[in-house]
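Report on the following structure.
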Amino acid sequence: MGKISVVGIGPGSLDDMTYRARRTIEEATVVVGYKRYVELIEDIIKDKRVLDTGMTQEIDRCRAALKEAMDGETVVVISSGDAGIYGMAGLVLELLVKIDEAERPEFGGIVPGVSAMSAAAALLGAPIMHDFVVISLSDLLTPWEIIQERAELAAKGDFVAALYNPRSHKRVGQINAVQDIFLRYRSPETPVGVVTGASRDNEAVLISTLGHFTNEDINMFSLVIIGNSKTRSIGDWMITPRGYQKREPGL
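Numbering that gives the first Met the number 0 puts the first residue of the sequence shown at 0, with every later residue one more than the last.
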């Protein structure tokens, strides 16, 4: 019987991949992943057999990976960023536990990676220094009404909000609806960071405002961070104070 692991490869650059993630991939005989993410690590998998598929084929991809592991291969299923954040970790586990124990391959674990949110935040400065929420605006798997409700609660609670999947070719209005929700509770001058392709060749970083950011170039590979009521834009940075100033008022 083989082994299957789930690996977060980080946001894009090999420099941002963890040592454990790279070692796990190097030990694999088969690498399975979304075609675009496989391309990000092609330099270290040239000696591997690769099974790649397109978007929305996640279940088929994971089933294929499990079959390879049941046939004796050492398999790695990759996700961009962290595999446990909108990645393949949950789906692999859901399918793995349905396999009879006598036939179930060894589980090599979930290897965490640098998330797109963490990479984007670092490029913007320090926007998530305080309590934050993460919301995906994709309604392919989650009803839009639930996404709106979560955005409303995040805005009302004055959380910094990191938005995944903010806009696509077919889905253009959701980001504007979320903007309207946050404008009910925050100033239009609230800083908003938009990072596209963090740690990739097409990386783009900008700081806008809550009232204006939807006019920027935003797509499925963008990560949007909406500041809270304390977030400030200072030069090229977004900073959300943690509250250390209360200990030393002159800071």
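Just so it is clear, CB atoms sit at the ideal spot from N, CA and C, and this is done for glycine as well. The structure presented is a predicted model; accordingly, all values stated were derived computationally and were not measured.
What's the call for asparagine 218, buried or exposed, on a 16-neighbour Cβ count within 10 Å?
Classification for asparagine 218: exposed.
Does aspartate 251 come out as helix, strand or coil in the three-state DSSP assignment?
Beyond the ends of the chain as shown, which are 0 and 250, falls residue 251; an answer cannot be given.
Cβ separation of valine 31 and isoleucine 24, assumed to be a contact under 8 Å, to the nearest whole Å
In fact, because the Cβ distance is near 11 Å, the residues do not count as touching under 8 Å.
Rounded to a whole number of angstroms, what is the C-alpha to C-alpha distance between asparagine 227 and glycine 210?
Approximately 14 Å, taken between the alpha carbons.
Name the two residues that bound the continuous alpha helix (DSSP H) containing methionine 116.
115–123
For leucine 140, count the other beta carbons within 10 Å of its own beta carbon; 16 or more makes it buried, fewer makes it exposed. Which is it?
Classification of leucine 140: exposed, given that the 10 Å Cβ count is below 16.
Could you work out which residue in Ala68, Pro142, Val96 and Asp130 is closest to alanine 154 when comparing CA atoms only?
When only C-alpha atoms are compared, the closest one is Asp130.
Do valine 191 and isoleucine 225 count as a contact pair if the criterion is CB distance below 8 Å?
Going by beta carbons, isoleucine 225 and valine 191 fall inside the 8 Å limit.
What number of angstroms, rounded off, separates the C-alpha of aspartate 235 from the C-alpha of aspartate 216?
18 Å
Any heavy atom of the ligand FAD within a distance shorter than 7 Å of the CB on threonine 195?
What this structure holds is no ligand at all, so the ligand FAD is not there to describe.
Beta strand (DSSP E) segment containing valine 171, residue limits:
Here valine 171 belongs to no beta strand (DSSP E), and DSSP marks it neither H nor E.
Enumerate in chain order the residues of its own chain whose CB-to-CB distance from aspartate 15 is below 7 Å, with the five nearest sequence positions on each side excluded.
Answer for aspartate 15: Gly9, Val113, Ala118 and Ser198, listed in chain order.
Quick one, which of Gly11, Glu105 and Lys47 has its alpha-carbon nearest alanine 115's?
Gly11
Among Gln173, Asp179 and Ser207, whose alpha-carbon lies nearest the alpha-carbon of tyrosine 163?
Gln173
Residue from Ile84, Ile145, Leu90 and Leu92 whose Cα sits closest to the Cα of alanine 161:
Ile84
Can you list, in chain order, the residues of its chain whose CB lies under 7 Å from that of isoleucine 146, leaving out five sequence neighbours each side?
Ile134, Leu136 and Asp138
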